[in-house]
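Note sheet for the following structure.
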Amino acid sequence: MNESSIPSVRKYKYEKPKWLNVFIIYGLIFAGIVPVMFLLYLFISGNAAGMEINLLLALPINLGVIISAVGAWKGKNIARIFFFILISINYILIGINNLMLMNSDIATGNEISRIGRGIIYPALYIWYFNRVSVKECFS
316 MNESSIPSVR KYKYEKPKWL NVFIIYGLIF AGIVPVMFLL YLFISGNAAG MEINLLLALP
376 INLGVIISAV GAWKGKNIAR IFFFILISIN YILIGINNLM LMNSDIATGN EISRIGRGII
436 YPALYIWYFN RVSVKECFS
């Protein structure tokens, strides 16, 4: 038996679950692109006074979400892991920020829903991206 007659072993490529692209696109837009555009707008317009450190700390998280979302879209497992971790960190920090805002004098009243979003979104992303059917799609 010569070498050319031995069948090659191929890794089976799993079909993406239908909601995977929705989760990736939603995270890319609302935890990546929109916050980065908003941060750039604040710095360009000069309205970032007093918040520079907070904004500069948020920027790497948002840029990391963009980069890991592209990697997750391409099927990279390490990007999947970083994606749901960074999404979780992003929304947990939003929830903490709104909790502190709610305890201050300048609260507007809709912080409760944002605190809930800071709990629900990370749980949803961690649950979905750790499902067996989703893990099978990533190399």
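Be aware that the sequence shown starts at 316, since it is given in the working numbering, and climbs by one per residue.
Glycine is no exception: its CB is placed at the ideal position from the N, C-alpha and C atoms.
Using the three-state DSSP reduction, which class does residue i fall into: helix, strand or coil?
i	result
Gly365	coil
Trp334	coil
Ile340	helix
At which residues does the alpha helix (DSSP H) containing residue i begin and terminate?
i	result
Ala394	Asn392 to Met417
Ser454	Where Ser454 is concerned, there is no enclosing alpha helix (DSSP H), given that its DSSP letter is neither H nor E.
Ile430	Glu426 to Phe444
Residue i: which of the options sits nearest, CA to CA?
i	options	result
Phe444	Arg429, Ala394, Ala373 and Leu372	Ala394
Phe338	Ser454, Ala387, Ile404 and Glu451	Ala387
Asn425	Ala364, Gly410 and Ala384	Gly410
Leu414	Ala438, Val380 and Ile434	Ile434
Leu357	Ile402, Leu374 and Lys331	Leu374
Val380	Gly365, Ile421, Ile340 and Asn412	Ile340
Leu401	Ile421, Tyr440 and Lys391	Tyr440
Lys331	Met366, Ile368 and Lys389	Lys389
Met366	Met417, Ile430 and Asn412	Asn412
Am I right that residue i and residue j are in contact with their C-beta atoms under 8 angstroms? What's the rounded C-beta distance?
i	j	result
Leu372	Leu354	The pair is not a contact, with the Cβ atoms about 11 angstroms apart (cut-off 8 angstroms).
Phe398	Ala384	6 angstroms
Leu335	Cys452	7 angstroms
Pro350	Asn377	4 angstroms
Arg446	Tyr406	The Cβ separation is near 19 angstroms, so there is no contact.
Exercise for the section: For the stretch 345-389, list the alpha helix (DSSP H) runs that are entirely contained and at least 4 residues long, ordered along the chain. Expected result: 349-360 and 367-389
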